[in-house]
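Take 3 as the starting number for the sequence shown in this note's numbering and just add one per residue.
Idealized CB from N, CA, C, for every residue including glycine.
All values reported here derive from a predicted model rather than from experimental measurement.
Following: one structure in structure tokens, then a few remarks.
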Amino acid sequence: MFMKVAKAYEALTDDEAKKNWLAYGNPDGKQSLEVSIGLPTFLLEKSNHYAILCVYLGVLVVIIPAIVAAWYQHSRKFGENNVMYETYSFFLHVLSEHSTIKMLPEVLAGAGENRFAADAGNLAKQAEISRLITQLRQGLMHKPRFEHPIVLKGNTLIHAHLHRIELSPLLCSDLHGILANAPALIDAMMELAQSQRWLQTSINIIDLSQYLTQALWIKDHSLAQLPHFSDREIQHCVKGKGAVRGLREYLGVTDEHKKGLSGMTDIQCADVMRVCNIMPMLESKLKMYVEDESEIAERDLVTLLIAFDRTNVPDGSLPPPVHAPRFPATRFETWRVLVSDRADNLILADKINSQSKVVDHRVKFMAPPLAGTYVFNIDLKSSDYLGLDIREQVKISVTPAAELPAYAAHPDDLNLDDEPTLFEQVMSASAETDSDTDRDDEKREEANANEESEDNILTEAERRRRKARIQRKKQIKQSTDGQ
Numbered sequence: 003m004f005m006k007v008a009k010a011y012e013a014l015t016d017d018e019a020k021k022n023w024l025a026y027g028n029p030d031g032k033q034s035l036e037v038s039i040g041l042p043t044f045l046l047e048k049s050n051h052y053a054i055l056c057v058y059l060g061v062l063v064v065i066i067p068a069i070v071a072a073w074y075q076h077s078r079k080f081g082e083n084n085v086m087y088e089t090y091s092f093f094l095h096v097l098s099e100h101s102t103i104k105m106l107p108e109v110l111a112g113a114g115e116n117r118f119a120a121d122a123g124n125l126a127k128q129a130e131i132s133r134l135i136t137q138l139r140q141g142l143m144h145k146p147r148f149e150h151p152i153v154l155k156g157n158t159l160i161h162a163h164l165h166r167i168e169l170s171p172l173l174c175s176d177l178h179g180i181l182a183n184a185p186a187l188i189d190a191m192m193e194l195a196q197s198q199r200w201l202q203t204s205i206n207i208i209d210l211s212q213y214l215t216q217a218l219w220i221k222d223h224s225l226a227q228l229p230h231f232s233d234r235e236i237q238h239c240v241k242g243k244g245a246v247r248g249l250r251e252y253l254g255v256t257d258e259h260k261k262g263l264s265g266m267t268d269i270q271c272a273d274v275m276r277v278c279n280i281m282p283m284l285e286s287k288l289k290m291y292v293e294d295e296s297e298i299a300e301r302d303l304v305t306l307l308i309a310f311d312r313t314n315v316p317d318g319s320l321p322p323p324v325h326a327p328r329f330p331a332t333r334f335e336t337w338r339v340l341v342s343d344r345a346d347n348l349i350l351a352d353k354i355n356s357q358s359k360v361v362d363h364r365v366k367f368m369a370p371p372l373a374g375t376y377v378f379n380i381d382l383k384s385s386d387y388l389g390l391d392i393r394e395q396v397k398i399s400v401t402p403a404a405e406l407p408a409y410a411a412h413p414d415d416l417n418l419d420d421e422p423t424l425f426e427q428v429m430s431a432s433a434e435t436d437s438d439t440d441r442d443d444e445k446r447e448e449a450n451a452n453e454e455s456e457d458n459i460l461t462e463a464e465r466r467r468r469k470a471r472i473q474r475k476k477q478i479k480q481s482t483d484g485q
């Protein structure tokens, strides 16, 4: 209190202190920064302390542990790539090397992520689902393996999407939920098929990804991915002079020679040209080799280089998003690489996510265990577009390991073998320390022996003087060490 009164008096009597008070709020001038926390007044009232303590304990002891427990119970259901363990178990039970493309929509519908509650109370939804099932069973849908209402509903919605059947807003919402889960679930199906070495099943799964993205099905032509293309335009493109077999050939035709545009307006033709420029045109190159070697020997680690250039993308640019007007989410180009032998045994499968114009992707696998000539099938398949897949064959010659030239080490490498290792250096230094200690002990023993022999020669008086002299030397040494 006295300090406050003294500062107030100083501010009233001293002009400089008054200026400091007006400028900084303190007669002593500018002060260091002070930080404080403003609390509501009810927190400081004594009558509220027990209530505040109860709320604090409730949040800390009840609410936070309950949230953590709920999060843990939910997260423990999911494995890699945010796919449920229940889904992996279902895929393992249902998928096989004989799984056809017609069976896969039902497999996708049975995933744990897509088993939303049945619409027991929504009569309009049930009526529409029943109508769709009746319509699709007229040759548009494979005979269902599971009659469970939830799986049957998901299977029906997926087939309605593949056949481009219009749905009500309520069912569209459910369908979009299924399609949103599809990329992660297809990755899980591919992971299982690759682990089991199922080549045809892997190809069917990638084809399903294409069909889901473009909302097309098995009998649809790849040109149906282009806007404003109906059966009439497709038939005009695949017949007559300048006919094309698929989308890849159509994209390679110059704009002025593209067929199927005669009955379209200028705006529709411009829309077709825009989509053609979006779809990828690849110039690919495949090569198998062993790093730092000129030949491939038995059980070598072979590197497969998949290099391709997106010729439709300008230099320094990224490819545009996938043209998929009926898919509810934005997709970017992904490609799958499948390597198989002539017996259709899957060797490896990999995914290419790079969005660069020029892509150099490398995968590795073991060379065959026996020497000879081998032919591998390399499939480069799009996950998003039909009719753009590339299949090439690569032939390699495997040399017997016995015919490889003897390895000759470099002289510098041979000299390194003569140098001691770090462990040997440490051990030798320890041995030298031990030998020095042994030599010091030997010298002391010799000195003691000499002293004993000298004691035998000296007289009793000389021995007492010698002993006293040695005692003084020890005392001087001890005092010096103590300082």
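Assuming residue 505 and residue 187 form a contact by the criterion Cβ under 8 angstroms, report the distance between their Cβ atoms to the nearest whole angstrom. The displayed coordinates of the chain run from 3 to 485. Any statement about residue 505 would go beyond what the structure contains.
What do you reckon, are the CB atoms on residue 295 and residue 400 nearer than 9 angstroms? Against the sequence shown, residue 295 aligns to sequence position 293. Against the sequence shown, residue 400 aligns to sequence position 398. At least 9 angstroms separates the beta-carbon of residue 295 from that of residue 400.
Runs of alpha helix (DSSP H) wholly within the region 322 to 373 (minimum 4 residues, chain order): Counting only runs of 4 or more, we get nothing.
Could you tell me which whole alpha helix (DSSP H) segments of length 4 or greater appear in the region 280 to 324? If we require 4 residues or more, the region 280 to 324 turns out to have no alpha helix (DSSP H) run fully inside it.
For residue 130, which residues of its own chain have a beta-carbon under 7 angstroms away from its beta-carbon, when the five flanking residues on both sides are left out? Within the sequence shown, numbered from 1, the residue matching residue 130 stands at position 128. Cβ neighbours of residue 130 beyond the five flanking positions: 170 and 173.
Taking only the alpha-carbon atoms, compute the straight-line gap between residue 23 and residue 7 and give it to the nearest angstrom. Locating residue 23 in the sequence shown gives position 21, where the first residue counts as 1. Locating residue 7 in the sequence shown gives position 5, where the first residue counts as 1. Whole-angstrom Cα-Cα distance: 14 angstroms.
Nearest CA to the CA of residue 181: which residue from 262, 255 and 110? Locating residue 181 in the sequence shown gives position 179, where the first residue counts as 1. Out of 262, 255 and 110, the CA that lies nearest to the CA of residue 181 is found in 110.
In three-state DSSP terms, what is residue 2? For the chain, the structure presents residues 3 to 485; residue 2 sits outside this window and is missing.
Using 8 angstroms as the cut-off, can you tell me whether the region 357 to 373 makes contact with the region 259 to 272, which would need three or more C-beta pairs spanning the two stretches below that distance? The region 357 to 373 is not in contact with the region 259 to 272.
Please work out which residues of its chain come closer than 7 angstroms, Cβ to Cβ, to residue 315, disregarding the five sequence neighbours upstream and downstream, and give them in chain order. Numbered from its first residue, the sequence shown carries residue 315 at position 313. The residues are 321 and 359.
Counted within 10 angstroms of its Cβ, other Cβ atoms place residue 93 as buried (16 or more) or exposed: In the sequence shown, counting from the first residue as 1, residue 93 sits at position 91. Counting of Cβ neighbours within 10 angstroms places residue 93 among the buried residues, the total reaching 16 or more.
Minimum C-alpha distance to residue 86 - residue among 42, 106, 190 and 21: To locate residue 86, count along the sequence shown from 1; it is residue 84. Of 42, 106, 190 and 21, the residue nearest in Cα terms is 190.
In this structure, how does DSSP classify residue 274 when only helix, strand and coil are distinguished? Against the sequence shown, residue 274 aligns to sequence position 272. Here residue 274 sits in helix by DSSP.
When the Cβ atoms of the region 225 to 236 are set against those of the region 197 to 211, are three or more pairs found closer than 8 angstroms? Contact fails: fewer than three Cβ-Cβ distances are below 8 angstroms.
Check the C-beta distance from residue 392 over to residue 284 and give it rounded, since I have them as a contact under 8 angstroms. For the purposes of this step, residue 392 is identified with residue 390 of the sequence shown, where counting begins at 1. For the purposes of this step, residue 284 is identified with residue 282 of the sequence shown, where counting begins at 1. The beta-carbon distance between residue 392 and residue 284, rounded to whole angstroms, is 7 angstroms. This is short enough to meet the 8 angstroms contact definition.
If we ignore side chains and look at the alpha-carbon of each, how far apart do residue 430 and residue 417 end up? Position 428 of the sequence shown, counted from the first residue, corresponds to residue 430. Position 415 of the sequence shown, counted from the first residue, corresponds to residue 417. Note on geometry: alpha-carbon atoms of residue 430 and residue 417 lie some 20 angstroms from one another.
Just to confirm the assignment, what range does the alpha helix (DSSP H) spanning residue 175 have? Against the sequence shown, residue 175 aligns to sequence position 173. Counting along the chain, the alpha helix (DSSP H) containing residue 175 begins and ends at 171 to 197.
Just to check my reading of the structure: residue 225 and residue 236 have Cβ atoms closer than 8 angstroms, yes? What is that Cβ distance to the nearest angstrom? Taking the sequence shown and counting its residues from 1, the one referred to as residue 225 is at position 223. Taking the sequence shown and counting its residues from 1, the one referred to as residue 236 is at position 234. About 5 angstroms separates the two Cβ atoms, so the contact holds.
How big is the Cα-Cα spacing for residue 394 and residue 308? For the purposes of this step, residue 394 is taken as residue 392 along the sequence shown, with counting starting at 1. For the purposes of this step, residue 308 is taken as residue 306 along the sequence shown, with counting starting at 1. Answer to the nearest angstrom: the Cα atoms are 11 angstroms apart.
Can you grab the Cα-Cα spacing for the pair residue 112 / residue 153, in whole Å? Translated into the one-based positions of the sequence shown, residue 112 becomes position 110. Translated into the one-based positions of the sequence shown, residue 153 becomes position 151. One C-alpha to the other measures close to 5 angstroms.
Which of helix, strand or coil DSSP assigns to residue 382: Taking the sequence shown and counting its residues from 1, one reaches residue 382 at position 380. Strand.
Assumed close pair residue 388, residue 270 - CB separation to whole angstroms, cut-off 8 angstroms: In the sequence shown, counting from the first residue as 1, residue 388 sits at position 386. In the sequence shown, counting from the first residue as 1, residue 270 sits at position 268. Residue 388 to residue 270, Cβ: 21 angstroms. No contact.
Among 330, 276 and 385, which residue has its Cα nearest to the Cα of residue 354? Numbered from 1 along the sequence shown, position 352 holds the residue referred to as residue 354. Checked all of 330, 276 and 385; the closest Cα to residue 354 is 385.
Can you tell me where the alpha helix (DSSP H) holding residue 115 begins and where it ends? Working through the sequence shown from its first residue, we reach residue 115 at position 113. Premise fails: residue 115 is in no alpha helix (DSSP H) and is neither H nor E.
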